[in-house]
Amino acid sequence: MSFDPDAVETITVDSYGTLVDPSAAVDALDDHVEATESISDVWRTKSIEYTMIGNFVDGYQPFYAMNRDALRYALAAHDVDLPEDTVEGILSVYHELEVFEDVRDGIGRLVDGGYPVYVLSNGNPEMLESMIDHADIGDLISGYISAHEVGTFKPDRELYRHAAARTGTPIASIAHVAGPSFDIQGSKHAGMQGVWLDRSGGPWDTYGAEPDLRVGSFYEFADALGV
């Protein structure tokens, strides 16, 4: 790890798993299925898998559609057949996921410290707009950058380079904060500093580059920047 706080001019933050908790999808499944935990795990795994496959086969579609396909697979893999309106109702939980408790105050400290903060996400614009509104951070962030703008998902370095262009910041002067390890590796590969927001206390992946900084909350990240 070799985090350089003096090099940071702009901060980008991931959304799902970083600002909001996608595990809330378990609650949305509870009223309709029995194998809730298993279906939820497959849903999340397939959602990420499909975005990465899409990058390699030029099969981009908005993340909400990827998420729908992943949910349909997870249900089918467990021999569950639900009406389309029920599937859409379950999907809609992504507009109102629970916000991690450190988000608003932690990001507020970063902004008060003089850092512009942008959300950089695989989510399509409609998802991000509802997430930002639900998280009550619209007055804090400088904007959002969606994979939909370039038609490719993380960890493709094109998306991170696009973020640097959008923010008007040299890519080496951006610190990217994320929970998913593949997002950290993608940001580092593109030239950003990667800050792993480890909310679970688990081990880092045994494959790939180490994060430049490991923190347990946005408060710890603000401490590392001295704000």
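Our numbering puts the first residue of the sequence shown at 240, with every later residue one more than the last. Every residue gets a Cβ at the ideal spot worked out from N, C-alpha and C, and that includes glycine. On a predicted model such as this, the values are computed, not experimentally measured, just so you know.
Straight-line spacing of the CA atoms in D318 and V272 works out to 10 Å.
Put simply, the backbone Cα of A264 is about 17 Å away from that of P419.
The beta carbon of A414 is closer than 6 Å to those of V247, I250, Q432, V434 in its chain, skipping five residues each way along the sequence.
At the C-beta level, D280 and A417 stay beyond 9 Å of one another.
A Cβ-Cβ separation of about 6 Å places Y299 in contact with T391 under the 8 Å criterion. Here Y354 is near L464, since their CB atoms are less than 9 Å apart. Under the three-state reduction of DSSP output, V350 falls in the helix class. Look at G455 here: in three-state DSSP terms it is coil, with no helix or strand label. Distance from the CA atom of Y458 to the CA atom of A402, rounded to whole angstroms, is 24 Å. With respect to Y289, A309 sits close: the two C-beta atoms are nearer than 9 Å. E335 carries a coil assignment under DSSP once its states are collapsed to helix, strand and coil. Taken in chain order, the unbroken stretches of alpha helix (DSSP H) that lie wholly in the stretch 386 to 441 and span 4 residues or more are 396 to 406, 420 to 429. Counting only residues of its own chain and dropping the five nearest sequence neighbours on each side, I292 has a CB closer than 8 Å to the CB of G298. Nearest in C-alpha terms to A461, of all of G347, R307, V326, is G347.
The three-state secondary structure of I384, taken from DSSP, is strand. Under the three-state reduction of DSSP, V259 is assigned to strand. Nearest in C-alpha terms to D378, of all of R438, D395, V296, Y357, is Y357. Excluding its 5 nearest sequence neighbours in each direction, W282 has C-beta neighbours in its own chain below 7 Å: A264, A309, L310, A313, listed in chain order. Around the Cβ of D422, a 10 Å sphere holds 16 or more other Cβ atoms; the residue is buried.
Following the DSSP letters along the chain, one finds T290 in no beta strand (DSSP E) but inside the alpha helix (DSSP H) bounded by residues 275 to 296. Around the beta-carbon of V454, 16 or more other beta-carbon atoms lie within 10 Å, marking it buried.
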